[in-house]
Amino acid sequence: MNMVALNSGGTPQLMNIRQILLEYLGHRQVIIVRRTQYELVAAGQRAHILEGLLIALNNLDAVIETIRQSPDSEVAKLKLIERFGLSELQAIAILEMQLKRLAALERQKIEDEYKEIQATIEKLLLLLQNPQAILAVIGQETEELISLYGDERKTKLIKGKIGEMSDEDLIPEEPTVITLTQTGYIKRLNPTAFRSQSRGGKGSIGVKMKEEDVVQSLLTASTHDTLLMFTNLGRVFKLKAHEIPESQRQAKGTAVVNLLSLQAEEVVRSLLVIDEVADTDKFISLATKKGLIKKTAVQLFSNIRQNGIIAITLNDDDQLVWGKLTSGNDDILLITHEGKCIRFGEDQVKSSQRDTKGVKGISLRASDYVIGVEAVNDSLEKTDHLLLITENGMGKRTPFSQYPRQKRSGLGVKVADITKRTGLVAAALRVDESYEEVVISTREGQTIKLPLSKKSIPILTRATQGVILMRLKETDFVVAVTLTLKEELS
């Protein structure tokens, strides 16, 4: 054990535990000597005053006569000094002495105090002359401190292998909300920043944005989770959730370019939360705007350089729009902006390396594009639903059983009765009993949190439009939807 401390000469010095204890002991000796010297001076001054008072009491009549014959106190002081051999301090003390101290009892108190002061002076002188006595005082005072402030050890010593402590070990693991805007501003929020409301409410301001900016992604995570950030150019970057600066609800956030090494025309299009311990045997399924699909093992995304790596190779007229975590045996659902959905087995897509192109997942009209990707299995199909939110704030939940399995690259089926009233599809997400609320954000920065209940968001068939979840201005529309888990709200 080594540490740097100031030695007795005031110079910084590297010391081991024995050296620093000796320095501290020497410091305590100096303190006690100085304190003793101070107390000795104070005791000597008090003894001197008491000696003068005793002289006055022993010559009381003469002192009174001298004072009565003096025209003022200054003359009286000088006469007392001259007649009784007193010092100026003693003479002043006699003149200031109250008449009640002339009583016999008060005289005895003065004599007793004088004896005590003499004993104290003798004790202090002996202490200054004996270094061993000073060490004994240090020990005694240390024992007194222990009796006053000593308590049981609060920390526990646990045997284990010596290892390094990372910055993450010092960061509490807690739920958080991550938001990303289309112009590239990202921030981390406490989930309590949003208030739960009734269906059809106006919402509360969720993100302060630059003019014409809109919320693109909003998701929940743990501060220890890994965020994979997929860009429109098919690259992926990795950040820990806690590395994103935490902001207030109405703050604009931090520019993504200050966190990632993005190219000139590169923007983040999708955020994915990964548990690097629990998700090692899974896959990341990626979808492009043109309806291509590919899957890659999560392990291939473990070593991501600071300047990112290739997640998918894209055609010149295509871009990456979404990514989802899959098991390898799931059914993949691709949902499009114009309200189409295709469901096919994940086994129809072979696992490939990161720098490969995808295969056709859905056939699209020229004006249509993929808006969401979900993964389900036979077990989830019985309990889960597809939550559909349209641009005009309408929504519903639909059982997955209403989406038939097809061969990959088909046209798909309708997800809703899409009309001008509903607007096109803004988001399509899988929901189950583990989710408690849905957070909806709009282009103009309005945010609303709704409970995932039949009363707020009913279960309806594919052919329906849904119900009004959020009333919007004509110029506003939904741009981001996320879910909160029950355990994150506890």
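Start counting the sequence shown at 82; every next residue gets the next number (the numbering used here).
Heads up, the beta-carbon is just placed ideally off N, CA and C, and yes, glycines get one too.
Values in this document were obtained by computation on a predicted structure and should not be read as measured data.
- Under the three-state reduction of DSSP, E517 is assigned to strand.
- In this chain, K363 is not harboured by any beta strand (DSSP E), its DSSP state being neither H nor E.
- Every beta strand (DSSP E) of 3 residues or more that sits fully in the segment 467 to 543 is shown, in chain order, as 475 to 480, 506 to 512, 516 to 523 and 527 to 532.
- Taking K441 as the centre and dropping the five residues before and after it, the same chain places the C-beta of G372, L373, I374, R489 and S490 closer than 8 Å to its C-beta, in chain order.
- Contact between F311 and S351 is confirmed by a C-beta separation of about 4 Å, below the 8 Å threshold.
- Collapsing the DSSP output to three states places T92 in coil.
- Note: K319 is bridge-paired with L309 in the DSSP secondary-structure output.
- By the Cβ-count criterion, G547 is buried, with 16 or more other Cβ atoms from all chains shown falling within 10 Å of its own Cβ.
- For Y119, the enclosing alpha helix (DSSP H) covers residues I98 to N139.
- In this structure, the CA atom of N410 is about 7 Å from the CA atom of D428.
- A check of alpha carbon separations from Y484 across N396, I423, T304 and L401 identifies I423 as the nearest.
- Burial state of M84 is exposed, judged by a 10 Å Cβ sphere holding fewer than 16 other Cβ atoms.
- In this structure, the CA atom of R511 is about 20 Å from the CA atom of D306.
- Taking a cut-off of 8 Å on C-beta distances, the segment 460 to 476 touches the segment 501 to 511, as three or more cross pairs fall below it.
- Taking the CA atoms as reference points, T262 sits about 26 Å from K421.
- Contact check for L505 against E518 fails: the beta carbons are separated by 8 Å or more.
- For F165, the uninterrupted alpha helix (DSSP H) segment begins and ends at S154 to F165.
- Contact annotation: G453 and I393 have beta-carbon atoms that are not nearer than 8 Å.
- One thing to note: V337 has its Cβ no nearer than 8 Å to the Cβ of V354.
- Residues T117 of the same chain have their beta carbon placed closer than 6 Å to that of L209, with the five preceding and five following residues left out of the count.
- For the 8 Å CB-CB criterion, A124 and I227 do not form a contact.
- Using a C-beta cut-off of 8 Å, the segment 522 to 530 makes contact with the segment 556 to 563, since at least three inter-stretch Cβ pairs fall below that distance.
- Here DSSP, grouped into helix, strand and coil, assigns S351 to strand.
- R543 is the residue among G231, R543 and D248 whose C-alpha sits nearest the C-alpha of R478.
- Secondary structure at T437: coil, using DSSP grouped into helix, strand and coil.
- Non-local C-beta neighbours of L170 in its own chain, meaning closer than 7 Å and more than five positions away in sequence, comprise H129 and I130, ordered along the chain.
- Looking at A456, L135 and Q221, the one whose alpha-carbon comes closest to that of L229 is Q221.
- In the displayed model, F425 falls within a strand according to three-state DSSP.
- Here the C-alpha atom of F165 lies approximately 8 Å from the C-alpha atom of I136.
- Excluding the 5 residues flanking it on each side, V258 has same chain C-beta neighbours closer than 6 Å at L270, P272 and T301, in chain order.
- The bridge partners DSSP lists for M84 are M96.
- Approximately 4 Å separates the beta-carbon atoms of N313 and Q400; this is inside 8 Å, confirming the contact.
- Distances from the CA of T545 to each of T563, R552 and K495 were compared; the closest alpha carbon is that of K495.
- For T407, same chain residues with a beta-carbon under 8 Å away, outside a window of 5 residues either side, are K363, F364, I365, S366, K376, I413, E427 and A456 in chain order.
- The three-state reading of DSSP puts I198 in helix, counting H, G and I together.
- Minimum Cα-Cα distance from E249 among the listed residues Y195, D232 and T304 corresponds to T304.
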